[in-house]
């Protein structure tokens with residue numbers, strides 16, 4: 013028994029089947045190729061570090077696939093639209109459809125239905141699935157890839173825990189929750205006034221307490237420095253376990269609500285990494301919605317029959333798509349550098365290319 017949706021006609025199902033079928037085929041094909049090459053590159057690490065086959069398949073590659081799909085979803089949406097639409101144009105199917113009384117706006121309807129399905133998939137992946145998958149994937153990489161082994165934590169960790177207070181931690185070891193060196197610095201008017209230092213430090217992950225057999229307290233008054241050897245170090249600071257990891261990796265393992273709370277905490281501490289985290293938050297929404305823009309550009313560009321056919325359309329489309337990706341990277345860096353507000357910078361490419369999409373739509377054959 014066939015399921016029929018209200019307002020979806022034979023033409024709509026035909027185009028949606030071509031669109032989504034081409035999209036899924038392209039994604040599946042490239043995933044197979046990438047997995048084969050990736051496995052060939054990392055096979056020595058897997059063997060040397062004795063990674064179980066089940067973990068390679070389910071902890072690594074199964075969690076790598078959602079990340080890859082979402083990372084290149086816009087590109088493959090664009091390629092899929094251009095590929096099958098230009099083929100329809102070359103075979104004069106589009107001319108026949110428009111000559112049969114179907115308006116170009118109505119012709120776009122199944123494209124946008126398909127784009128909505130891909131956008132919804134991307135949102136679910138971005139907001140829910142990928143943070144969990146990234147956490148599992150990163151855990152595997154730290155354990156079984158030599159170049160990343162034991163790199164879950166930077167060797168030198170420097171964090172601002174509140175305005176005017178900084179902590180430096182060296183050689184933190186996650187399995188034992190110990191660090192080779194610990195320094196807590198206090199600043200006033202941009203000048204250091206005191207520091208608390210300890211070696212061979214132990215971190216209690218439940219209480220947030222740092223302890224060491226010995227510690228030194230230094231006081232600074234202009235160029236004058238005094239220091240005191242004190243009793244064992246025993247202090248609690250406003251620093252959570254997840255803030256000790258490599259920050260760019262940590263935020264990719266947070267779902268959208270966790271990331272929102274994390275950004276608020278970092279703002280309260282005065283962290284200079286806040287723009288980086290805000291870019292990540294906004295991109296989880298802006299990237300999926302670019303699907304609609306790229307779809308409209310793809311249809312408008314490839315619906316006209318031209319000499320050169322599919323190849324010319326794909327070539328022009330790839331240039332436009334990569335310019336979109338490159339422009340997005342530039343605006344992201346501007347936001348991270350504090351040159352633009354993250355909420356604006358992340359959406360600028362979508363807004364600019366939406367105007368390009370509208371222009372191409374007006375030039376498309378009606």
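Residue numbers (the working numbering): 13 to 378.
Cβ atoms here follow ideal geometry from the backbone N, Cα and C, with glycine treated the same way.
Residue i and residue j closer than 8 Å at C-beta
i           : j           : result
residue 8   : residue 361 : Lying outside 13 to 378, the shown extent of the chain, residue 8 is not represented and no answer is given.
residue 79  : residue 142 : yes
residue 109 : residue 119 : yes
residue 94  : residue 338 : no
residue 363 : residue 309 : no
residue 167 : residue 183 : yes
residue 90  : residue 333 : yes
residue 82  : residue 137 : yes
residue 250 : residue 215 : no
residue 231 : residue 238 : yes
residue 291 : residue 376 : no
residue 2   : residue 173 : The structure shown does not extend to residue 2, since the chain is modelled only from 13 through 378, so no value can be given for it.
residue 229 : residue 240 : yes
residue 126 : residue 41  : no
residue 307 : residue 124 : yes
residue 365 : residue 336 : yes
residue 194 : residue 145 : no
residue 43  : residue 22  : no
residue 255 : residue 171 : yes
residue 266 : residue 122 : no
residue 277 : residue 285 : no
residue 316 : residue 92  : no
Contact set for residue i: own chain, Cβ-Cβ below 7 Å, skip 5 residues either direction
i           : result
residue 47  : 73
residue 295 : 358
residue 373 : 308 and 312
residue 207 : 195, 196, 197 and 230
For residue i: DSSP bridge partner residues
i           : result
residue 240 : 229
residue 222 : 215 and 247
residue 209 : 195 and 228
residue 185 : 190
residue 203 : 200
Beta carbon proximity, residue i to chain E, threshold 8 Å
i           : result
residue 301 : The chain labelled as chain E is not found in the depicted structure, where only one protein chain is given.
Residue i, enclosing beta strand (DSSP E) - first and last residue
i           : result
residue 7   : Residue 7 cannot be examined here, being either before or after the span of the chain that is shown, 13 to 378.
residue 170 : 168 to 174
residue 451 : Since the first and last residues shown for the chain are 13 and 378, residue 451 lies out of range.
Residue range of the unbroken alpha helix (DSSP H) whose run includes residue i
i           : result
residue 27  : 22 to 60
residue 273 : 268 to 281
residue 149 : 142 to 156
residue 100 : 85 to 102
residue 303 : 286 to 314
residue 355 : 354 to 357
residue 127 : 116 to 136
residue 111 : 105 to 111
residue 372 : 360 to 375
Same chain only: Cβ atoms within 6 Å of residue i, ignoring 5 sequence neighbours per side
i           : result
residue 26  : none
residue 177 : 198
residue 302 : 86 and 362
residue 63  : 156
residue 75  : 145, 148 and 149
Cβ-based neighbour list, residue i, same chain, cut-off 8 Å, excluding 5 preceding and 5 following
i           : result
residue 15  : Because the pLDDT at residue 15 is just 48, under 50, the model does not fix this residue reliably, and the value given afterwards should be weighed accordingly. Closer than 8 Å at Cβ, skipping near neighbours: no residue.
residue 344 : 291, 295, 357 and 358
residue 13  : At residue 13 the pLDDT is 44, less than 50, meaning the model places this residue with poor confidence; the figure from the coordinates comes in the next sentence. If we look at residue 13 and ignore the five residues flanking it on each side, it has no Cβ neighbours.
residue 12  : Nothing can be reported for residue 12, as the shown portion of the chain is limited to 13 through 378.
residue 88  : 35, 38, 39 and 42
residue 260 : 288
residue 49  : none
residue 200 : 176
The ligand FMN heavy atom lying under 7 Å from the CB of residue i
i           : result
residue 361 : No copy of the ligand FMN appears in this structure; indeed no ligand is present at all.
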